[in-house]
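Have a look at the structure below before the remarks.
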Amino acid sequence: MLSIRRPFHSSGKVDGPIRAPHDGTRDMAKYLVLIYGDEREWAAMSPQEREALGEAHRAFSAAAGPAVLGTHELRPASGATTLRADPGGRVVMTDGPFLETKEAVGGYYLIDAPDLDEVVRLASRLYEVSAGHSGVEIRRVVE
21 MLSIRRPFHS SGKVDGPIRA PHDGTRDMAK YLVLIYGDER EWAAMSPQER EALGEAHRAF
81 SAAAGPAVLG THELRPASGA TTLRADPGGR VVMTDGPFLE TKEAVGGYYL IDAPDLDEVV
141 RLASRLYEVS AGHSGVEIRR VVE
């Protein structure tokens, strides 16, 4: 069962307890919650900001409970390895991310939920939703 502790309000704030029951009659789906942000901003965070970030992720994990199928923080994109085929069809390996962008994927959660609305309510708790230099993308997994 996915437990969501607070409903999302149009003000952008979350408030009040709510539970989203799964009675076994609805199909569950997997959703990938991708956490994006400016790695320079993350590196420059104050200790108080880091604590707020950690607390938001602990609250997210507590609210999601066993619906979290997997989660990891990722190392910086500068340490990525990219594979591409050259014009001759040979695989070429390069150091660094696939694309040079300001924002990079910093982590993810894989969530099992009955619908997107529940994932949105849950993901709205994440610090990165309200941080000016970050964001969260939710994508349904093809099964």
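Heads up, the final residue of the sequence shown is numbered 163 in the working numbering, and it's a clean run with no missing numbers. Here a beta-carbon is modelled for each residue, glycine too, at the ideal position from N, C-alpha and C.
Own chain, CB closer than 8 Å to residue i, minus 5 neighbours either side, in chain order
i: A100; result: D115, G116, P117, F118
i: Y56; result: E123, A124, V125, G126, E148, S154, G155, V156, E157
i: T45; result: Bear in mind that a pLDDT of 47 at T45, under 50, signals an unreliable position, so the model cannot answer this.
i: P96; result: E59, A124
Environment of residue i [buried if 16+ CB atoms lie within 10 Å]
i: L142; result: buried
i: V162; result: exposed
i: E138; result: buried
Whether residue i touches residue j by CB criterion (7 Å)
i: A87; j: A133; result: yes
i: L52; j: L130; result: yes
Backbone CA spacing between residue i and residue j [nearest angstrom]
i: V156; j: D106; result: 33 Å
i: S66; j: S150; result: 16 Å
i: R60; j: G152; result: 13 Å
i: G108; j: W62; result: 40 Å
i: T121; j: L54; result: 16 Å
i: R160; j: E71; result: 30 Å
i: A64; j: T91; result: 23 Å
i: V140; j: G85; result: 15 Å
Beta-carbon proximity list for residue i, same chain, < 7 Å, skipping 5 on both sides
i: L94; result: V125, G126, G127
i: S98; result: G116
Other residues of its chain near residue i: CB distance less than 6 Å, five sequence neighbours each side excluded
i: L73; result: Y147
i: L103; result: V111, M113
i: S89; result: Before going on, a small fix: residue 89 reads as Leu here, not Ser. Same-chain partners within the cutoff: L130, D132.
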